[in-house]
Amino acid sequence: MSVTGHTSSGGRTESPQGQQKAASIRDVAQAAGVSYQTVSRVINGHPNVKEETRKRVQEAIDTLGFRRNATAFALASGVTRSISVLTSNTVLYGYAATLQGLEEASRAAGYALGVRVLTPEDDLDRAVAAAADTAGGIVVIGFDQLGAEALSRVPANVPCAAVVEAPPRGHKPDRPAVWADDREAARAATEHLLALGHKTVHYVAIPASTGTRRSAGPRAEGWRQALKTAGVTPPAPSGKGWDAQAGYEAGKKLARNPDVTAILCGNDDLALGVLRVLHHAGRRVPEDVSVIGFDDAPHSEFVTPSLTTVRMDFQGLGRAAFGLLRAQIDTDLPASAPAPADPALVLRESSGVREA
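Structure follows, in structure tokens:
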């Protein structure tokens, strides 16, 4: 990062119009007798700088009275301190919380953040090219098929990181990426319901991020694995969307079936729709049917009954993704590795022991 500003001593420079000329990172470097890369390391708090050098650079900064300026840094060092985020949604909790984590991390590091919301009608190649042209790197939120497809269109020479659903076992994303193990979390949630005495668990699914998966994504895979391990044949999953309306529609058939006593939902919005249709059908929760959601959206604690769910640290995923991207943009920084957040089952009122 560079700093520019007006000098506070006789060392100031003047423009042809008599105005003070903003100094560059190279002016700081010249005053301190170091390279501009070293100045960048000092400003960014890089640990691999000798204390004597750090003090000398800081004295030059204080003497010249510099202030931070991202544009000047980009011109002097070739590092653009802005990033573009590609996402298909900014409303659903997982997407919004991931964006919040990205914004918090980028702001703390002095990066500007721009968001491009993708639609099925977009020319993805053009959208990706526009994002790459206006920023130093791209973060793709690839929770759905549109995001996954956009990620596949990012050229190899463009710095890029992604937040994705857990990849199939034995596979790794082609680009630096971070994810949470929601496959394992879904398995644990299903096992919890089985331990409460339920003979099986039905699943209301969210769409998978790619059309090549035979299941409905890692959450469905974890649910299915838990049932098979328990010797239970998994019932057919239901659900065709992300929102409460999709949960309501998927829950109609389940609510009419008296043998249904436990339902795992792919997210909390689906679970809200399921809770509503169960209420309309006269099925009590959790006395007749236990319901578990996914994500721990803020409203899940305040519905009646409060929703048992799986807490996902989406903000942490966003911050980790920014770290992966920043390490590619500013190679002076230590490399960041994917740091999946640990999901956790949050027990509330919507799940309970199966009544005989």
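At position 1 of the sequence shown (counting the first as 1) the number is 1 in full-length UniProt numbering, and the numbers step up by one without a gap.
The beta carbon of each residue, even a glycine, is placed where N, CA and C say it ideally should be.
This one's a predicted model, so the numbers in the text were calculated from it and none came from an experiment.
- Look up G142 in the DSSP assignment and give the residues it is bridged to. If you number the sequence shown from 1, residue 142 lands on position 142. Bridge partners of G142 according to DSSP: V164.
- Message: Using CA atoms only, rank isn't needed, just tell me which of T90, G239 and G197 is closest to V204.
- Response: Locating residue 204 in the sequence shown gives position 204, counting from the first residue. V204 has its Cα closest to that of G239, out of T90, G239 and G197.
- Message: Less than 7 Å between C-beta atoms, sequence neighbours within five positions excluded: which residues of the same chain meet that for S35?
- Response: As a first step, residue 35 is located in the sequence shown; it is residue number 35 there, counting from the start. So the list reads A29, once near-sequence residues are dropped.
- Message: For a test of the three-state rule: what should DSSP assign to D243, helix, strand or coil?
- Response: Position 243 of the sequence shown holds residue 243. In the displayed model, D243 falls within coil according to three-state DSSP, outside both helix and strand.
- Message: Taking the alpha-carbon of D181 as reference, which of V128, P159, R41 and R311 has the nearest alpha-carbon?
- Response: Looking up residue 181 in the sequence shown gives position 181. Among V128, P159, R41 and R311, the Cα nearest to that of D181 is on R311.
- Item | I83 - partner residues in DSSP beta bridges | Here the question's residue 83 lines up with position 83 in the sequence shown. The partner list for I83 (beta bridge, DSSP) reads L113.
- Query: With a Cβ-Cβ cutoff of 7 Å, do P305 and S351 count as a contact?
  - Reply: Taking the sequence shown and counting its residues from 1, the one referred to as residue 305 is at position 305. Taking the sequence shown and counting its residues from 1, the one referred to as residue 351 is at position 351. Going by C-beta atoms, P305 is not nearer than 7 Å to S351.
- For A70, three-class secondary structure by DSSP: Locating residue 70 in the sequence shown gives position 70, counting from the first residue. Note that A70 scores 48 on pLDDT, short of 50, meaning its location in the model is unreliable; the coordinates nonetheless yield the value given after this. DSSP places A70 in helix when its eight states are reduced to three.
- Distance between P286 and D144 (C-alpha atoms, nearest Å): As a position in the sequence shown, residue 144 is number 144, starting the count at 1. As a position in the sequence shown, residue 286 is number 286, starting the count at 1. Their Cα atoms are separated by approximately 31 Å.
- Leaving out five residues before and five after V42 in sequence, what residues of the same chain have Cβ atoms less than 7 Å from its Cβ? For the purposes of this step, residue 42 is taken as residue 42 along the sequence shown, with counting starting at 1. For V42, where only same-chain residues beyond five positions count, the Cβ hits under 7 Å are V49, R54, V57 and Q58.
- Quick one: give me the first and last residue of the alpha helix (DSSP H) that R224 is part of. The residue you call residue 224 lines up with position 224 of the sequence shown. Start and end: P218 to T229.
- Item | Selection from A321, I61, V353 and T331 that minimises the alpha carbon distance to W179 | One-based indexing of the sequence shown puts residue 179 at position 179. Minimum Cα distance to W179 is reached at A321.
- Residue range of the alpha helix (DSSP H) that I206 falls in? By 1-based counting over the sequence shown, the position of residue 206 is 206. From DSSP, I206 is part of no alpha helix (DSSP H); its letter is neither H nor E.
- Query: Among A105, L347 and R354, which residue has its Cα nearest to the Cα of L194?
  - Reply: Position 194 of the sequence shown holds residue 194. Of the candidates A105, L347 and R354, the one whose C-alpha sits nearest the C-alpha of L194 is R354.
- I263 - partner residues in DSSP beta bridges: On the sequence shown, position 263 is the one that residue 263 refers to. BP columns for I263 point to H202 and V291.
- Query: Run through DSSP, which three-state label would A177 get?
  - Reply: As a working mapping, residue 177 is identified with position 177 in the sequence shown. Looking at A177 - three-state DSSP - the assignment turns out to be strand.
- When burial is assigned at 16 or more other CB atoms within 10 Å of the CB, is T71 buried or exposed? Walking along the sequence shown from the start, residue 71 turns up at place 71. Bear in mind that a pLDDT of 48 at T71, under 50, signals an unreliable position, so the number given afterwards is only what the model happens to contain. The residue is exposed, with fewer than 16 neighbouring Cβ atoms inside 10 Å.
- Query: In this structure, does DSSP put N89 in helix, strand or coil?
  - Reply: Within the sequence shown, the letter at position 89 stands for residue 89. Collapsing the DSSP output to three states places N89 in coil.
- Query: Expressed to the nearest angstrom, what Euclidean distance is found between the alpha-carbon atoms of G147 and L272?
  - Reply: Residue 147 sits at position 147 when you count from the first residue of the sequence shown. Residue 272 sits at position 272 when you count from the first residue of the sequence shown. Roughly 25 Å between the two C-alpha positions.
- Message: Less than 7 Å between the C-beta atoms of G94 and Q315, yes or no?
- Response: Within the sequence shown, numbered from 1, the residue matching residue 94 stands at position 94. Within the sequence shown, numbered from 1, the residue matching residue 315 stands at position 315. Not a contact, by the Cβ cut-off of 7 Å.
- State the Cα-Cα distance for the pair P218 and A166, rounded to the nearest angstrom. Residue 218 sits at position 218 when you count from the first residue of the sequence shown. Residue 166 sits at position 166 when you count from the first residue of the sequence shown. Rounded to whole angstroms, the separation of the alpha carbons of A166 and P218 is 6 Å.
- Query: Relative to the alpha-carbon of D313, which residue among R326, D330, V289 and D342 has its alpha-carbon at the smallest distance?
  - Reply: Here the question's residue 313 lines up with position 313 in the sequence shown. Comparing Cα-Cα distances from D313 to each of R326, D330, V289 and D342, the minimum goes to D342.
- Message: Quick check: what's the CA-CA separation for Q37 versus S84?
- Response: Against the sequence shown, residue 37 aligns to sequence position 37. Against the sequence shown, residue 84 aligns to sequence position 84. Answer to the nearest angstrom: the Cα atoms are 25 Å apart.
- N-terminal and C-terminal residue of the beta strand (DSSP E) that T309 is part of: The residue you call residue 309 lines up with position 309 of the sequence shown. Element bounds for T309: T309 to R311.
- Item | Where S35 sits in the DSSP three-state scheme | Your numbering for residue 35 matches position 35 in the sequence shown. Coil.
- Item | Cβ-Cβ separation, T90 to V117 (assumed contact under 8 Å), whole Å | Mapped onto the sequence shown, residue 117 falls at position 117. Mapped onto the sequence shown, residue 90 falls at position 90. 6 Å between Cβ atoms; contact.
- Buried versus exposed call for E221 [16 or more other C-beta atoms within 10 Å across all chains shown]: As a working mapping, residue 221 is identified with position 221 in the sequence shown. So E221 counts as buried.
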